[in-house]
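Have a look at the structure below, then the notes.
Protein chains: 2
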Amino acid sequence: MTQTRDIAPEDQARHAQKMAKKKAARDRMMETKTGEKGLVIVHTGPGKGKSSSGFGMIMRCIAHGMPCAVVQFIKGAWDTGERRLLTGHFGDLCQFHAMGEGFTWETQDKSRDIAAAEAGWEKAKDLIRDPAIRMVLLDEVNIALRYGYLDAQAVLDFLAAEKPPMTHVVLTGRGAPEALVEAADLVTEMAMVKHPFRAGIKAQPGVEF
Amino acid sequence: MTQTRDIAPEDQARHAQKMAKKKAARDRMMETKTGEKGLVIVHTGPGKGKSSSGFGMIMRCIAHGMPCAVVQFIKGAWDTGERRLLTGHFGDLCQFHAMGEGFTWETQDKSRDIAAAEAGWEKAKDLIRDPAIRMVLLDEVNIALRYGYLDAQAVLDFLAAEKPPMTHVVLTGRGAPEALVEAADLVTEMAMVKHPFRAGIKAQPGVEF
Numbered sequence: 001m002t003q004t005r006d007i008a009p010e011d012q013a014r015h016a017q018k019m020a021k022k023k024a025a026r027d028r029m030m031e032t033k034t035g036e037k038g039l040v041i042v043h044t045g046p047g048k049g050k051s052s053s054g055f056g057m058i059m060r061c062i063a064h065g066m067p068c069a070v071v072q073f074i075k076g077a078w079d080t081g082e083r084r085l086l087t088g089h090f091g092d093l094c095q096f097h098a099m100g101e102g103f104t105w106e107t108q109d110k111s112r113d114i115a116a117a118e119a120g121w122e123k124a125k126d127l128i129r130d131p132a133i134r135m136v137l138l139d140e141v142n143i144a145l146r147y148g149y150l151d152a153q154a155v156l157d158f159l160a161a162e163k164p165p166m167t168h169v170v171l172t173g174r175g176a177p178e179a180l181v182e183a184a185d186l187v188t189e190m191a192m193v194k195h196p197f198r199a200g201i202k203a204q205p206g207v208e209f
Numbered sequence: 210m211t212q213t214r215d216i217a218p219e220d221q222a223r224h225a226q227k228m229a230k231k232k233a234a235r236d237r238m239m240e241t242k243t244g245e246k247g248l249v250i251v252h253t254g255p256g257k258g259k260s261s262s263g264f265g266m267i268m269r270c271i272a273h274g275m276p277c278a279v280v281q282f283i284k285g286a287w288d289t290g291e292r293r294l295l296t297g298h299f300g301d302l303c304q305f306h307a308m309g310e311g312f313t314w315e316t317q318d319k320s321r322d323i324a325a326a327e328a329g330w331e332k333a334k335d336l337i338r339d340p341a342i343r344m345v346l347l348d349e350v351n352i353a354l355r356y357g358y359l360d361a362q363a364v365l366d367f368l369a370a371e372k373p374p375m376t377h378v379v380l381t382g383r384g385a386p387e388a389l390v391e392a393a394d395l396v397t398e399m400a401m402v403k404h405p406f407r408a409g410i411k412a413q414p415g416v417e418f
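Quick mapping for you: the protein sequence lines, in order, are chains A and B. Going by my numbering, 143 is the number at position 143 of the first sequence; the sequence numbering is gapless. Take any residue in the second sequence, count from 1 to its spot, add 209: that is its number in my numbering.
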């Protein structure tokens with residue numbers, strides 16, 4: 001059992017005063033944040049956490065009873081944890097569409113890759129158009145945009161014209177096009193500081209899938 | 210309905226050849242990744258996605274039937290989506306302990322903050338020591354380390370000495386200490402490229418909690 005450290009009363013008082021000031025400043029700042037809006041959210045960069053963070057948000061939506069949907073642009077019939085959990089437990093709140101055919105080096109067929117990306121995007125458009133669906137996760141769609149399998153400008157034009165105002169759309173994958181980053185409301189770049197693949201560790205359940 | 214674009218046969222063949230080469234190189238590379246290991250995983254940086262990605266991994270563990278646990282070091286009794294979903298649906302597989310008392314500027318009480326951090330860490334140690342638990346998420350623990358409420362070296366010494374070899378421990382929060390980054394197996398820095406708070410948008414359900 002750790003012993004709680006003794007803190008001198010004057011340190012305690014100084015801390016309380018500093019934090020009271022910080023809270024006041026923060027409260028003033030937060031008072032200006034009153035808007036609600038369906039966000040275009042981008043997770044990009046080479047680091048881990050782009051898809052898992054997207055699925056974390058989908059789980060939060062489910063917890064709040066918000067209908068949501070996932071379209072996977074690369075992963076196909078793979079038995080991933082996210083697929084198993086969403087289809088097995090929450091099919092009533094969250095639609096799950098794995099439209100991918102695998103990585104480009106697996107299919108080795110460019111027209112098949114393009115057809116899969118286009119089919120995924122058609123499905124995505126239907127889901128985004130439905131105002132009852134509050135969040136649509138387009139997992140790995142940035143890969144399809146980067147290879148030019150989908151036209152980035154067409155995707156942005158659609159989002160600008162047809163996304164209902166309160167719907168969140170999350171786009172994940174490396175190499176998000178600059179125009180998408182420009183247009184998005186929330187962009188995080190996952191930077192790889194260290195990755196265990198480099199130490200010979202393979203993809204493991206729970207962590208990567 | 211999008212029309213599938215025509216691709217010249219020679220382009221198609223070139224693509225197939227290039228991808229076959231890429232696959233061969235990748236297969237050779239992946240053959241060297243055979244290890245399995247319980248990882249120390251760090252999500253840090255100012256960007257969004259540190260906690261949500263941790264919860265995404267917890268969901269993957271649950272999907273694979275792997276017992277897991279969450280200790281929250283800042284969030285207390287807040288009704289977050291993650292708390293609601295995990296305690297409401299998956300209490301049998303995932304323990305959930307919200308040990309926080311709120312942000313430092315909310316408690317305004319340093320000894321109370323330290324006591325909460327220490328209680329969280331005691332709970333974390335019990336969970337990590339149990340080899341049946343396959344992943345332990347220490348949500349926002351980096352904040353407690355950064356303020357010195359927990360001793361980083363003591364945390365690292367414990368992980369080195371007592372973490373079972375196959376247990377994953379995920380530590381999230383800004384400002385992870387350098388020694389933790391050094392010791393970890395997988396480190397991602399979430400960089401903030403753009404955040405909607407700046408545009409006056411408040412924290413929204415599904416996205417932030």
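Don't be surprised by glycine CBs; every beta carbon is placed ideally from N, CA and C. Just so you know, these numbers come straight off a predicted model, no measurement behind them.
Interface with chain B (8 angstroms Cβ-Cβ cutoff): G173/A is excluded.
A residue is called buried when at least 16 other Cβ atoms come within 10 angstroms of its Cβ; Q304/B meets this threshold and is buried. For the beta strand (DSSP E) assignment, the uninterrupted runs of no fewer than 3 residues enclosed by the region 322 to 406 of chain B are, from N- to C-terminal side, 344 to 348, 377 to 381 and 395 to 403. In the structure shown, the three-state DSSP call for F299/B is coil. Closest option to R237/B, judged by alpha-carbon separation, among G206/A, K202/A and V207/A: K202/A.
The region 249 to 258 of chain B makes no contact with the region 311 to 326 of chain B; the number of CB pairs closer than 8 angstroms stays below 3.
In terms of CA proximity to A8/A, D318/B leads the group D318/B, G415/B and R383/B. Setting aside the 5 residues that flank it on each side, E140/A is surrounded in the same chain by S51, Q72, F73, I74, K75, G100, T172 and G173, each with a C-beta closer than 8 angstroms to its C-beta; the list follows chain order.
Residue environment analysis places R292/B among the buried positions, since at least 16 neighbouring C-beta atoms fall within 10 angstroms of its C-beta. Under DSSP, the beta-bridge partners assigned to G244/B are I201/A. Contact between L346/B and V396/B fails: their C-beta atoms lie close to 15 angstroms from each other, not under 8 angstroms.
For A63/A, the enclosing alpha helix (DSSP H) begins and ends at K50 to A63. DSSP places T80/A outside both helix and strand once states are collapsed to three, so it counts as coil. Closest option to V416/B, judged by alpha-carbon separation, among G45/A, I58/A and M190/A: I58/A. From the listed residues L389/B, A229/B, S262/B and G254/B, the smallest Cα separation to L365/B is found for L389/B. For G120/A, no Cβ of chain B is located within less than 8 angstroms of the residue's own Cβ.
The continuous stretches of beta strand (DSSP E) do not include A217/B, and DSSP gives it neither H nor E. Look at Q304/B here: in three-state DSSP terms it is strand. A Cβ-Cβ distance of about 7 angstroms is found for the pair T376/B and I342/B, placing them in contact under the 8 angstroms criterion. Taking the Cα of W121/A as reference, the smallest distance to any Cα among G102/A, L145/A, T104/A and T107/A is reached at L145/A.
Scanning its chain for C-beta atoms nearer than 7 angstroms, with the 5 sequence neighbours on each side dropped, one finds around K163/A the residues G38, I128 and V169, in chain order. The three-state secondary structure of Q17/A, taken from DSSP, is helix. Beyond the five residues adjoining it in sequence on each side, L302/B comes within less than 6 angstroms, by CB distance, of I271 and P276 in the same chain, given in chain order.
Your pair G244/B and A400/B does not check out as a contact, with CB atoms roughly 29 angstroms apart and the cut at 8 angstroms. For the pair R269/B and P205/A, the CB atoms are nearer than the 8 angstroms cut-off.
Taking a Cβ-Cβ cut-off of 7 angstroms, the neighbours of A229/B in chain A comprise Q108, given in sequence order. Contact annotation for E36/A against chain B: I410, K411 and Q413 [CB-CB distance below 8 angstroms, chain order].
Here I41/A is bridged, per DSSP, to V170/A and L186/A. Membership of E101/A in any alpha helix (DSSP H) is not indicated, and neither H nor E is assigned to it by DSSP. Scanning A69/A, G81/A, P131/A and T80/A for the CA closest to the CA of H97/A turns up A69/A.
Ranking E240/B, K230/B and A233/B by CA distance to the CA of F197/A puts E240/B first.
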